[in-house]
Amino acid sequence: MDSRETIKYLCSLSKLEITEEELVKYELQIEGIIKYLDKLDSITLSDIEPISQERNSYQLREDNAKSSRTDLLEYTINKEGRFIKGARIT
Amino acid sequence: MKVLMNQENKEYRSVKIGLEIHCQLTCLQSKLFCSCFCNYHGLEPNRNICPICCGHPGTLPLLNKAAVEVACMVSLALDCKVPDNITFYRKNYFYQDLPKNFQLTQYNAYGITSIGVDGRLDYGEKASRIRRVQLEEDPGRLVYESGGVDFSSSYTLIDYNRAGISLVEIVTEPDFTDPKDVRIFLNKITSIIEHLGVCNTKRQGSVRCDANISIQGGKRVEIKNVGSFKEVEKALNYEIARQKTMSMHDIKVLAETRDWDDARKVTKQSRAKEEEQDYRYFPEPDLPTIALDEEYVSSIRMKMPELPYERKNRFTANYELSEHIAQVLIDNKELADFFESAVKIYSSSKEIANWMVTEILRYTEEDIMEPKINSSSISTQSSSSFAGLKIEAKHVAELAELIDKNIINRNTAKIILTQIIKTGEMPSQVLARTDVLKIEDKVIISDAVESVFKTENSAVRDAKNNPNVANFLLGKVMKITKGRADPKITLNLIKIKLDGLN
Amino acid sequence: MSKLYERSANEINAGIRGGEFTAEEYIHQILERIDKVNPKVNAVICTDRKGALEKARLVDKKIREDEKIGPLAGIAVGIKDNICTRDLKTTCASKMLQEYIPPYDATVVRRLKDDDAIIIGKLNLDEFAMGSSTEFSSFGPTINPWNTDYVAGGSSGGSAASVAASECPVSLGSDTGGSIRCPASFCSVVGLKPTYGHVSRFGLIPYANSLEQIGPIGKTVSDVVMIMKTIAGADDKDQTVQVTYRTPDYTLSSNEKMRIGLVRELTEGAEPEISKQIYSAMDLFTNLDCKCEEVSMDYVEYALSSYYTIALAEASSNLSRYDNIRYGFNFAPDGYEWNAYFAKIRSNFGDEVKRRIIVGTYVLSSAYYGKYYLKAQKIRTMLKQELRSLFKKYDILIAPTMPILPFKFGEKIDDPIKMFMIDIDTVIANLAGVPAITVPAGFSNDLPIGLQMIAGEFQEQKLFNAALLFESKTNIDRNPEL
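Here you go:
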């Protein structure tokens, strides 16, 4: 694996901006972690189905609507009028 | 020339189109994962939000029971198999309209988890396979600072009222080869959705369709941002032409996403386009797998409203309507409902159907229609009024009765109809007010005058010498129009006609 | 009445009910205690003086007016700062949430408040609960009250240290891979990780949602049980809560002849002083007529890689939402293009968090999903099954809580793998979703050692029985000099 390029790609996928220094610092550490996780390769479990939590269809939330008690906009820092402010698209 | 034509046909035959239809489940009360309202139209921005749908830290999704039922119903209506279990997956990507920067959706690459798979929908002579039906959440809405799409705006405004609304996504196999077929198919889907009562399709934005198209085995282009089903055919035709032109000039068609520009009627490279995304799908840990047993699926099947093809069969069988007329009614559910309500009151089904198809249907043109109030439950929908107008089933029923009993003719009935639309009175009430029944239409009066002239030949000949003939003829016209012709107009027309004969 | 801060939660509750002292008096002493020792320990990052005193006065008023008071009336409780408290800043010890004020209470917080407990403040942690030493906090590390050169453990370092330092008798922490049990063990207090699906996670700011639970920390087992009775049980705000009952009816009996298995791999893998202590514990149980045996577990060797794969994968997705648009801190988006804005904002994560996001993104990418995430889930299944069959034969399993003694600051922070390795004893319970408790078992070189007990799903009662028994027969110091 070309660590630096891979890490840069992963950062762009997860919208993380890291400096050159951080890249140098992390490179070995991340390689080490992934190598440790490769321990999973040392066992074959092809026939196993992961157990997952199950619930019945009747144990779900009833379709009732209600207004929120609080105006969430009061807890928002960047806003204009009733809109929440975001960064420009291009 | 011949060679070129063959090439063209070959290209056309190798067109492959697949559709992704998104349909908001407007029949529900609350959002997919929280108790905010499903119907928020008319509310100010960000009035229909809560910590859950805004992705506040520590909040958890709470799956809506009815949403699963409705989605199951849609799957069954499209002849899909419903799996024993369904699971939700996270589709991870960043965008400002996505409160958690992942969308909760369903995904079948690691095992079937979506609410329906392997379905099929016939439309006319053809059929399309349905790859899958899935439940997912709608994102919020980005609004731009200067009220239009202005790339140099220094910021964006966001409204999350829509974030978390339940969507059913219907994905077809790329079985379409002709945009015309796509239109027919989409109309069929609309009819089914309306008959199931799960979505108010007439509301702007409640159904959306993206299309994937490839030509001659080339790269696949995705067309997004098509505003309505009607535009899909246009967008596809444009795209086919664009790609053909490119290949004629030996330019390679890129695999990309293109947006449909409704104003200029072209597709263009997507502004929001990102590189081929790795969405890193994995099962949502905050939601358990939902077990759907046979009992559940059968109960949904039993609760399902009548599907369009079932209804059409019933119309042709029980009401003795022609295939064509039955189809026209079915294609517009509201019309079909209206028809059945009227027939309940007065059973002259053929007469009433005729009225529906010839006169009432005109009022479904969008420019005449009033904005509708959304009906909220699956099984009940007001079917005795129509298009938000004052006309009701009882009016049409009585009109049909009056015609059947020869009390009025069809022309008169048409006039009465225009009155009913305005005032909501019963036809018999309108009839009783004779001055309202006044015929002022020159064409109609002319016809009456013509027929009187024919029958009263001798009087007409006498008119040269006898000025009273005009009044006599007027009387005759009044008689055959049952006193409703406007005397002044009638007299004028009679005089003009008499002058013309001399 | 003085040194009320030394009393257990049960004693406080009884004292206030009995009119021995008022809640207000008690809270004043707690606040003084915090002022005195917190500079040394750095466990409490935000003290809610106003709120706590207001609530104390309310409790006193209720008592004066003979109104019904809740079962936790007057008890000061500290809350780990990754659990949402309405209108009280909740930061996850991260710059990313440095100004975040939640608009709602976590279910566990609401339940504590409804039962008249007094929320005293928010407690320090590793940023976003990612760490085992509370050295990765934007508020600086939490110090072990037993020896100020040593870490308090993590990620709920503040929760454990505050209890050990008597800043509050009980606290709430969260445990994803050992984050309650590790610091509890390092600080010589009792800490419980409940069965997955026993306590609502609504309001717990997630690190790894399929692995974590909120749990209580206290100096005594009965204090821990007391809190569990309030916080555990059905909640319609969390669809992963498995139980249908609202209030569990735990008892405090400790007279049971139990069948106990000692997990060989974990015990032998620990430092010698620790192993010794665990074997002594086994002897103690044997002398109390319990049936004790060594057991072996086949899948232990894959537990850490399985845990870190799943945890980092889930974390990378859970942390995507932090883009400062809907909440966060004061940094306007004006003038920025959105990709640049997001990247700028997200550079505020600490190193450990960034590393975990990067690795998590890697293991979730479609090319590697089968190799890592799916495989890790299969290991989990094997572990679960292995434990299920063990719990048919045994009531509880015992093992060390930590394979090592508390370590000094800086010893492990530069090597992520070294840090990961210390979770080996604790991750198994998270992977399998079973409950586990740590109780103080002894000291070595004046550094605390914890005994871990693990039981089957929803068998917390068995843990309490064993823990109470052990506690009653040992007398391990829980009060460091400060």
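Protein sequences, first through last, are from chains A, B and C.
Residue 90 is where the first sequence ends in our numbering, and the numbering goes up by one at each step.
Residue 592 is where the second sequence ends in our numbering, and the numbering goes up by one at each step.
Residue 1074 is where the third sequence ends in our numbering, and the numbering goes up by one at each step.
Just so you know, even glycine gets a beta-carbon here, dropped at the ideal spot from N, CA and C.
Under 8 Å from the C-beta of residue i: neighbouring residues of chain C
i                     : result
residue 186 (chain B) : 915, 917 and 930
residue 204 (chain B) : Ordered by position in chain C, no residue passes the 8 Å Cβ test against residue 204 (chain B), which lies about 18 Å from the chain.
residue 395 (chain B) : Going along chain C, no residue has its Cβ under 8 Å from residue 395 (chain B), so there is no contact; the nearest lies around 29 Å.
residue 26 (chain A)  : 943, 946, 947 and 950
Inter-residue spacing [alpha-carbon to alpha-carbon] between residue i and residue j
i                      : j                      : result
residue 265 (chain B)  : residue 106 (chain B)  : 6 Å
residue 426 (chain B)  : residue 399 (chain B)  : 12 Å
residue 3 (chain A)    : residue 32 (chain A)   : 11 Å
residue 950 (chain C)  : residue 26 (chain A)   : 10 Å
residue 761 (chain C)  : residue 749 (chain C)  : 15 Å
residue 469 (chain B)  : residue 287 (chain B)  : At residue 469 (chain B) the pLDDT is 29, less than 50, meaning the model places this residue with poor confidence; the figure from the coordinates comes in the next sentence. If I take the Cα positions, the gap works out to 7 Å.
residue 1063 (chain C) : residue 708 (chain C)  : 28 Å
residue 312 (chain B)  : residue 1017 (chain C) : 51 Å
residue 994 (chain C)  : residue 229 (chain B)  : 44 Å
residue 236 (chain B)  : residue 452 (chain B)  : Below a pLDDT of 50, predicted positions are generally treated as unreliable, and residue 236 (chain B), at 48, falls in that range; no measurement from the model is reported.
residue 21 (chain A)   : residue 943 (chain C)  : 12 Å
residue 586 (chain C)  : residue 677 (chain C)  : Because chain C spans 593 through 1074 in this model, residue 586 (chain C) falls outside it and cannot be assessed.
residue 484 (chain B)  : residue 492 (chain B)  : 12 Å
residue 672 (chain C)  : residue 797 (chain C)  : 10 Å
residue 875 (chain C)  : residue 54 (chain A)   : 40 Å
residue 30 (chain A)   : residue 960 (chain C)  : 16 Å
residue 507 (chain B)  : residue 544 (chain B)  : 30 Å
residue 232 (chain B)  : residue 160 (chain B)  : 28 Å
residue 388 (chain B)  : residue 180 (chain B)  : 29 Å
Listed by chain order, chain B residues near residue i by CB distance under 9 Å
i                     : result
residue 957 (chain C) : 368 and 370
residue 54 (chain A)  : 175, 378, 379, 380 and 381
Within 8 Å, strictly: CB atoms of residue i and residue j
i                      : j                      : result
residue 759 (chain C)  : residue 862 (chain C)  : no
residue 813 (chain C)  : residue 1059 (chain C) : yes
residue 649 (chain C)  : residue 811 (chain C)  : no
residue 641 (chain C)  : residue 623 (chain C)  : yes
residue 121 (chain B)  : residue 256 (chain B)  : yes
residue 1055 (chain C) : residue 1027 (chain C) : yes
residue 569 (chain B)  : residue 546 (chain B)  : no
residue 992 (chain C)  : residue 806 (chain C)  : no
residue 714 (chain C)  : residue 682 (chain C)  : yes
residue 747 (chain C)  : residue 726 (chain C)  : yes
residue 415 (chain B)  : residue 447 (chain B)  : yes
Neighbour list for residue i in chain B, Cβ cutoff strictly below 8 Å
i                    : result
residue 63 (chain A) : 118, 119, 120, 154, 155, 156 and 157
Run of the beta strand (DSSP E) containing residue i, from where it starts to where it stops
i                      : result
residue 1036 (chain C) : 1028-1036
residue 933 (chain C)  : Premise fails: residue 933 (chain C) lies in the alpha helix (DSSP H), 930-938, not in any beta strand (DSSP E).
residue 32 (chain A)   : Run containing residue 32 (chain A): none in the beta strand (DSSP E); it sits in the alpha helix (DSSP H), 20-37.
Alpha helix (DSSP H) segment containing residue i, residue limits
i                     : result
residue 350 (chain B) : Note, residue 350 (chain B): premise wrong, no alpha helix (DSSP H); beta strand (DSSP E) at 346-351.
residue 509 (chain B) : 500-513
residue 874 (chain C) : 864-879
residue 943 (chain C) : 943-956
residue 601 (chain C) : 601-609
residue 793 (chain C) : Unbroken run through residue 793 (chain C): none, as it is neither H nor E.
Residue i beta carbon near the ligand COA (any heavy atom closer than 7 Å)
i                     : result
residue 781 (chain C) : Because no ligand of any kind appears in the structure shown, any question about the ligand COA cannot be addressed here.
Closer than 9 Å at the beta carbon, the chain C residues around residue i
i                    : result
residue 32 (chain A) : 1007, 1008 and 1009
Cross-chain neighbours of residue i in chain A, by beta carbon under 9 Å
i                     : result
residue 690 (chain C) : Simply none; closest approach about 12 Å.
residue 967 (chain C) : 40, 41, 43 and 45
Neighbour list for residue i in chain A, Cβ cutoff strictly below 8 Å
i                     : result
residue 233 (chain B) : 83
Below-8 Å beta-carbon distance, residue i vs any chain E residue
i                   : result
residue 5 (chain A) : Protein chains in the displayed structure are A, B and C, and chain E is not among them.
Where residue i meets chain B, residues with beta-carbon distance less than 7 Å
i                     : result
residue 801 (chain C) : 375 and 376
residue 696 (chain C) : 141
residue 66 (chain A)  : 125
Hey, which unbroken runs of the beta strand (DSSP E) at 3 residues or more fall wholly within the stretch 616-700 of chain C?
-> Counting only unbroken stretches of 3 or more residues, the beta strand (DSSP E) elements lying wholly within the stretch 616-700 of chain C are 636-639 and 668-672, in sequence order.
Entirely within the stretch 260-327 of chain B and at least 4 residues each: give me those alpha helix (DSSP H) ranges in chain order.
-> For the stretch 260-327 of chain B, whole alpha helix (DSSP H) runs of length 4 or above, ordered along the chain, are 269-286.
Hey, which unbroken runs of the beta strand (DSSP E) at 3 residues or more fall wholly within the stretch 180-217 of chain B?
-> The stretch 180-217 of chain B contains these whole beta strand (DSSP E) runs: 192-195 and 206-213.
Report the residue ranges of all alpha helix (DSSP H) runs contained in full by the stretch 694-759 of chain C; include only those spanning at least 4 residues, in chain order.
-> Counting whole runs of 4 or more residues, the stretch 694-759 of chain C contains the alpha helix (DSSP H) stretches 699-706 and 749-756.
May I have a chain-ordered list of the alpha helix (DSSP H) segments no shorter than 4 residues that lie completely inside the stretch 817-860 of chain C?
-> 856-860, all fully within the stretch 817-860 of chain C.
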